[in-house]
Every structure is written in structure tokens, then in C-alpha cells.
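This report refers to the structure that appears directly beneath it.
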Amino acid sequence: MKTSYMIGTVLVAAAAAVAAAAAISTSAGAAPERSSLTKVTLQLKWVTQAQFAGYYAAKAKGYYRQAGLDVRIKPGGPDIIPEQVVAGRQAEFGINWFSNQLAARDKGANLVNIGQVFTRSGLTLLTWKDTGLNTIAKLRGKKVANWLGGNEWEVFAALTKFGMDPTRNRGVTIVQQPFDMNFFLRRQVDAASAMTYNELAQVLEAKNSKTGKLYQPKDLNVIKMEAVGTGMLEDGIFVRGDWISDKANQATARKFLAASFKGWVYCRDHLRDCVKIVLANGPALPRGHQTWQMNEINALIWPAPKGIGIMDPKSYSRTVSISRRFKVVKKAPKGAFRTDLARAAVATLRRQGVDVTGKRWKKATIKLTAGGK
Numbered sequence: 004m005k006t007s008y009m010i011g012t013v014l015v016a017a018a019a020a021v022a023a024a025a026a027i028s029t030s031a032g033a034a035p036e037r038s039s040l041t042k043v044t045l046q047l048k049w050v051t052q053a054q055f056a057g058y059y060a061a062k063a064k065g066y067y068r069q070a071g072l073d074v075r076i077k078p079g080g081p082d083i084i085p086e087q088v089v090a091g092r093q094a095e096f097g098i099n100w101f102s103n104q105l106a107a108r109d110k111g112a113n114l115v116n117i118g119q120v121f122t123r124s125g126l127t128l129l130t131w132k133d134t135g136l137n138t139i140a141k142l143r144g145k146k147v148a149n150w151l152g153g154n155e156w157e158v159f160a161a162l163t164k165f166g167m168d169p170t171r172n173r174g175v176t177i178v179q180q181p182f183d184m185n186f187f188l189r190r191q192v193d194a195a196s197a198m199t200y201n202e203l204a205q206v207l208e209a210k211n212s213k214t215g216k217l218y219q220p221k222d223l224n225v226i227k228m229e230a231v232g233t234g235m236l237e238d239g240i241f242v243r244g245d246w247i248s249d250k251a252n253q254a255t256a257r258k259f260l261a262a263s264f265k266g267w268v269y270c271r272d273h274l275r276d277c278v279k280i281v282l283a284n285g286p287a288l289p290r291g292h293q294t295w296q297m298n299e300i301n302a303l304i305w306p307a308p309k310g311i312g313i314m315d316p317k318s319y320s321r322t323v324s325i326s327r328r329f330k331v332v333k334k335a336p337k338g339a340f341r342t343d344l345a346r347a348a349v350a351t352l353r354r355q356g357v358d359v360t361g362k363r364w365k366k367a368t369i370k371l372t373a374g375g376k
């Protein structure tokens with residue numbers, strides 16, 4: 004009887020503990036227990052860097068967990084194609100330029116953009132100020148570099164707009180660009196492609212051998228594809244079409260988008276803290292470079308007039324038009340994106356009092372150092 008009494012007492016106490024834990028886990032604002040979280044994977048376009056800070060922030064600040072999600076973030080690299088990873092069911096969500104997603108769809112992959120995070124293009128062409136090559140038209144007969152492999156269409160459209168044929172090297176010579184800017188610094192090409200948040204900084208982190216000081220913006224012409232009118236949609240969130248057709252997965256996607264957008268809002272308002280979060284995840288680039296990148300990435304997202312992540316019809320049409328012109332796709336895509344999930348996520352954040360447009364956001368002034376340290 005004594006033993007039975009003790010066992011019964013323990014069971015009652017255990018039941019009470021479980022009930023208490025359940026009450027805590029379901030109370031307002033409390034994050035669900037790990038066992039009840041929905042596990043999903045996000046495949047990034049490139050290596051760990053501030054280009055993806057909003058997702059790392061959403062995880063570090065607990066936004067995903069609060070939404071009931073256990074998100075695994077997989078870095079990308081030169082040999083990783085996010086569309087293949089998502090289509091192959093190795094990740095639920097992927098990040099890439101919209102033209103790449105369109106190309107994959109055109110080849111049979113059922114992929115759908117559900118959140119267009121970048122509002123504007125970050126692709127530019129750099130030339131040296133002393134060359135006088137400060138417009139696209141002046142690049143006729145010159146050497147223009149790009150990484151190719153799906154990254155060239157904005158530049159090609161700009162050159163085509165001014166009468167050149169980059170696909171046939173007529174009126175301009177296209178050179179394949181490595182993943183550093185040394186050849187540009189050695190003036191082996193007349194113009195080089197550069198993302199505002201990466202390669203531009205690489206040049207400004209290098210020393211001018213004539214002066215012994217870092218290069219300055221005044222030494223360069225920075226020709227933005229967005230200003231030329233050939234900017235295309237870049238980093239967006241996509242999923243498999245069959246996956247998102249399921250109601251339960253739509254609910255998961257809405258939660259993922261809301262938490263991710265909240266992460267980007269945090270990085271907008273806490274630039275340096277987000278750099279620390281990125282650094283904590285083992286980036287390939289140093290602090291100074293990451294700080295510049297975070298500031299420039301914010302400039303591609305904010306302000307977001309329609310609300311972060313909501314596709315702009317004009318930008319979509321321009322991206323499709325350029326993709327068709329250069330045969331990235333053979334026909335006009337149908338069902339390549341949807342905005343209902345992003346709109347629902349934005350509405351959720353608005354109800355929480357979150358600023359989803361960033362109308363008052365201003366770029367910070369970031370001072371670069373040698374090597375981006």
C-alpha cells in the first residue's frame with residue numbers, strides 16, 4: 004500500500020507538472036515546444052552574408068519559433084542551385100533572382116514566387132571616372148564583364164537598349180567575370196558588373212597604388228541598371244507549386260513570410276546588431292564589408308511602398324519582358340507568382356504595429372576599411 008501510494012503521488016505530481024507546462028506553452032506570446040514546431044528548410048542563393056540577414060535575424064530573435072516553425076537555413080554557393088534544391092524536395096523555401104526561377108519553370112520545374120523581398124535591383128556596371136565612360140552608350144566597342152550563368156540579363160538588356168548585341172559580341176565584347184574585382188582594379192576590362200552590396204565595396208576596400216589610400220566613390224562611375232531602366236527582380240522567396248497548393252502548407256508559408264519580413268524589419272532598424280547576427284553564423288566576409296552590405300541590402304528593400312514582399316506588377320512585367328527578349332524563357336509565364344500569402348503576412352504584421360513600408364528609412368553612412376575589416 005505504501006509503495007502504491009508513493010507511485011500514485013508521483014503520477015499525480017507528474018500530471019500536474021505536464022498540465023502546468025502545457026498552460027505555459029499555450030499562454031499568450033509563449034513559443035511552442037520544439038516537438039510541436041513545424042520543421043522547414045530555407046535554401047539561400049549564396050554563402051552566409053548580410054544579403055540574407057533578415058532570415059538569420061528571424062531565427063536569432065525567435066520570430067520563427069514564435070510562429071511555430073523550426074527553420075533550418077542552408078547557405079548556398081557556386082555549385083548550389085536553389086531551384087534544383089527546392090524542386091528536389093530538399094528544401095521548402097528557396098531564395099534566388101526571379102529570372103532564374105522563371106528559367107527553371109520554363110524547363111518544367113513547378114516553382115512559385117510567394118514573396119518578393121527585394122524591391123529594386125542592386126546590379127551596376129562600374130567604370131573608372133578618368134575613362135569618361137559614364138553611360139551605357141559610351142561602352143560601344145569596349146570590354147564589358149559579367150559573371151554570366153544567369154546573372155547577365157540586366158546588363159545585356161542595357162547594352163541592347165543602346166544598339167549593341169552582347170549575345171553575339173557585336174558592338175561590345177563580353178568578358179566572363181571572376182568572383183573578385185582584381186581584373187577590374189588592374190584595368191583589364193573597361194566595365195565590370197558589381198552588386199552595390201558586394202563588388203562595389205570590394206573596389207572601395209582596395210588601395211590605389213598611386214596614392215596609397217583607398218579608392219573613393221569619386222574615382223568611379225556607378226551605372227545602376229535600375230536607373231537605366233533594365234533592372235530586374237532579384238532576391239525573392241519561392242516554393243514548389245504542388246507544395247503550396249496544400250492548405251496546411253499555405254498556413255506554414257504565411258507564418259514563414261511574416262516571421263521573415265519581421266526579421267528584415269529588425270535589420271532595417273538595427274543594422275549593426277544584424278551584422279553581429281550574420282557574423283555569428285560563420286560568414287565568409289569580414290565585419291566592415293558585412294556592415295556596408297547590410298546598409299546596401301536595406302536600400303534594395305526599403306522603402307517598400309506596397310509593403311515588404313509584395314510583388315510590384317511593373318517590375319514583374321519588365322523582368323518577364325527582358326527574360327523573353329533574351330530567351331531565358333520561351334513563352335509568357337503563367338502562375339509564376341502569387342501575392343495573397345505575402346499580403347496576409349504583411350497584414351498580420353500591421354496588426355502587430357510593425358512598420359512594413361519603411362517610408363522614413365534613410366541609408367546610414369558607412370566608412371569602409373582596407374579589406375573590409
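One point on numbering: in this note's numbering, the residue at position 251 of the sequence shown is 254, and numbering is uninterrupted. Each residue gets a CB set at the ideal place from its N, CA and C atoms; glycine is no exception.
The bridge partners DSSP lists for residue 148 are 178, 195.
In the DSSP assignment, residue 312 is bridged to 119. The beta-bridge partner set that DSSP reports for residue 340 consists of 116.
Residue 44 is bridged by DSSP to 75. Relative to residue 347, the option among 362, 304, 261 whose CA is nearest is 261. For residue 156, the uninterrupted alpha helix (DSSP H) run begins and ends at 156-164, by DSSP.
Residue 38 and residue 65 have their C-alpha atoms spaced approximately 16 Å apart.
A distance below 7 Å between beta-carbons, with the five flanking residues on each side excluded, links residue 285 to the following residues of its chain, in chain order: 51.
When the alpha-carbon of residue 143 is set against those of 167, 122, 123, 135, the nearest one is in 167. In the three-state DSSP reduction, residue 295 falls in the helix class (H, G or I).
Residue ranges of uninterrupted beta strand (DSSP E) with 3 or more members, entirely inside the region 195-255 and ordered along the chain, are 223-227, 239-243.
Distance from the CA atom of residue 333 to the CA atom of residue 327, rounded to whole angstroms, is 6 Å. Annotated as distal: residue 114 and residue 79, with beta-carbon spacing of 8 Å or more. In the same chain as residue 243, and ignoring 5 residues on each side of it, the C-beta atoms closer than 7 Å to its own belong to 89, 90, 113, 114, in chain order. The three-state reading of DSSP puts residue 108 in helix, counting H, G and I together. The C-beta distance from residue 322 to residue 235 rounds to 4 Å, short enough to fall under 8 Å.
Of the candidates 295, 342, 298, 331, the residue whose Cα lies closest to the Cα of residue 314 is 342. A straight line joining the alpha-carbon of residue 178 with that of residue 215 spans about 29 Å.
As the crow flies, the alpha-carbon of residue 374 is around 36 Å from that of residue 93. Counting C-beta pairs with one atom in each stretch, the region 182-202 and the region 127-135 have three or more that are closer than 8 Å, which means they touch.
The C-beta distance from residue 345 to residue 76 rounds to 20 Å, too long to fall under 8 Å, and the pair is not in contact. At the C-beta level, residue 175 and residue 145 come within 8 Å of one another.
In the DSSP assignment, residue 186 falls within the unbroken alpha helix (DSSP H) covering 185-188. A contact between stretches requires three or more CB pairs, one per stretch, nearer than 8 Å, and the region 150-157 fails this requirement with the region 201-221. For the pair of segments examined, the region 253-271 was found to touch the region 59-74: the number of CB pairs separated by less than 8 Å reaches three. Here DSSP, grouped into helix, strand and coil, assigns residue 361 to coil. Residue 284 carries a coil assignment under DSSP once its states are collapsed to helix, strand and coil.
Residue 134 has its alpha-carbon roughly 26 Å from the corresponding atom of residue 370. Fewer than three Cβ pairs drawn from the region 247-256 and the region 289-296 lie within less than 8 Å of each other, which leaves the two stretches out of contact. Residue environment: residue 107 is assigned as buried (16 or more neighbouring CB atoms within 10 Å of its CB, all protein chains considered).
Residue 82 sits in coil when the DSSP states are folded into three classes, being neither helix nor strand. Taking C-beta atoms as the reference points, residue 303 and residue 290 fail to come closer than 8 Å. Here the alpha carbons of residue 217 and residue 288 stand approximately 18 Å from one another. Residue 56 places its beta carbon less than 8 Å from that of residue 277. 8 Å or more divides the Cβ of residue 202 from the Cβ of residue 125. Within the DSSP bridge table, the entry for residue 96 names 45 as partners.
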